[in-house]
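So the number in this note's numbering is just where the residue sits in the sequence shown, counting from 1, plus 158. A virtual CB, placed ideally from N, CA and C, is assigned to each residue, including glycine. Here the structure is a predicted model, which means the values were calculated and not measured.
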Amino acid sequence: MIISFPRRLPSIAFALFGFCLWAGAIIPAEAATRLIIDTVDHGIAGKAQIVISDGRVRLTHSGMPRQEVLFISGNREVYFIRHARKELTRVDPTVLRQSIDQFSGIAQSLMAQRETLSEEKRQQLDEMLKSLGIPDPEAIAGGSIKLKHLGQQGDAAGIRCQWWQIRREERAIGRSCVTDNEGLGIPPADFQTLAALAAYVQELQLSASALLSSMGFVLPPLGLADSSSLPIRLEKVSGAFSATLAAVDRLDVSLRLMVPQGYRIIGLPGG
């Protein structure tokens, strides 16, 4: 499963998320599933590590020392944690929905005005939006993502997968190679946790990509064919980003997953 980190925490992974309970509770675990993912982001190679245990996921990346993303599948909360600065951003799904609704109203107004502007004024508006972290003004209004099965096999980490083209409206934006847990071979509970994270990321990508982009969060389209499959390879058509599963194993050690206490909390707009 592949996702991206916020740009403010340099990009990737996603898919690019040790997850635990808020209030700093400590959760011991007997063992955990670990996925190693090779990434290339604008020509820069990196390595992401995803650890899954007891309904929680931790994502770290070689390009982001002392930073991690935490996901709790039970309540769909996400934490972006920066240990060096002792701060974290908590993404509460309810607050995020309120922000999405507010942003949608503003976006619709901007897009209506944009259609009436001269080419010069439209370019000025686009530049302003880009300075706010929205590189593609056309994406503000959102849009559906469609998948096309390419009938081609791929592989990653010795695991077979099926290639799907990812399209937004009528434009190809990427492709993903997906497999089910028969191929991935991890504990069913961990697979379900990853599937829940992937579904949440895709939901946000469809409904809030422009809002999250404006705040520095980058969510690549995952191209989920159904709830029983996950991408193990992901490529953007532009060539700017790719991620490939390199290894899957089990950590037979006791883990302590926690949201740190005493960190400064940075909320989302509207939170």
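* Asked: Ends of the alpha helix (DSSP H) at E340?
  -> Taking the sequence shown and counting its residues from 1, the one referred to as residue 340 is at position 182. Unbroken alpha helix (DSSP H) run through E340: 339-342.
query = Which same chain residues, not among the five before or five after D348, have their C-beta less than 6 angstroms away from its C-beta?
reply = The residue labelled residue 348 in the question sits at position 190 within the sequence shown. Excluding residues within five positions, the ones whose Cβ falls inside 6 angstroms are T191, I210.
- prompt: When we look at the beta-carbon of G221 and count the other beta-carbons within 10 Å, is it buried (16 or more) or exposed?
  reply: Residue numbering aside, residue 221 sits at position 63 when the sequence shown is read from its first letter. Counting the other CB atoms within 10 Å of its CB gives G221 a total of 16 or more, which places it among the buried residues.
### Reduced DSSP secondary structure (H/G/I, E/B, other) of K279
Start at 1 with the first residue of the sequence shown, and residue 279 comes out as number 121. Taken through DSSP and simplified to helix, strand or coil, K279 comes out as helix.
Exercise for the section: Output the distance between the C-alpha atoms of R240 and P223, rounded to the nearest integer angstrom. Expected result: Start at 1 with the first residue of the sequence shown, and residue 240 comes out as number 82. Start at 1 with the first residue of the sequence shown, and residue 223 comes out as number 65. One C-alpha to the other measures close to 9 angstroms.
CB-CB length for L228 against V417, believed under 8 angstroms:
Stepping through the sequence shown from its first residue, residue 228 is reached at position 70. Stepping through the sequence shown from its first residue, residue 417 is reached at position 259. Sure, about 6 angstroms apart at Cβ, within 8 angstroms.
Is L275 buried or exposed, if buried means 16 or more other CB atoms sit within 10 Å of its CB?
As a position in the sequence shown, residue 275 is number 117, starting the count at 1. Taking all protein chains shown into account, L275 has fewer than 16 neighbouring C-beta atoms within 10 Å of its C-beta and is therefore exposed.
Exercise. Determine the closest residue to L403 out of D410, L409, S396, L392, with distance taken between C-alpha atoms.
Key: Taking the first residue of the sequence shown as 1, we reach residue 403 at position 245. Out of D410, L409, S396, L392, the CA that lies nearest to the CA of L403 is found in L392.
CB S386 to CB D338, shorter than 8 angstroms?
Here residue 386 is taken as the residue at index 228 of the sequence shown, counted from 1. Here residue 338 is taken as the residue at index 180 of the sequence shown, counted from 1. Yes, they are a contact pair.
Indicate the three-state DSSP secondary structure (helix, strand or coil) for S334 in the structure shown.
Locating residue 334 in the sequence shown gives position 176, where the first residue counts as 1. In this structure, S334 counts as strand in the three-state DSSP scheme.
Along the chain, where does the beta strand (DSSP E) that runs through K205 open and close? Indexing the sequence shown from 1 puts residue 205 at position 47. Where K205 is concerned, the enclosing beta strand (DSSP E) starts and stops at 202-211.
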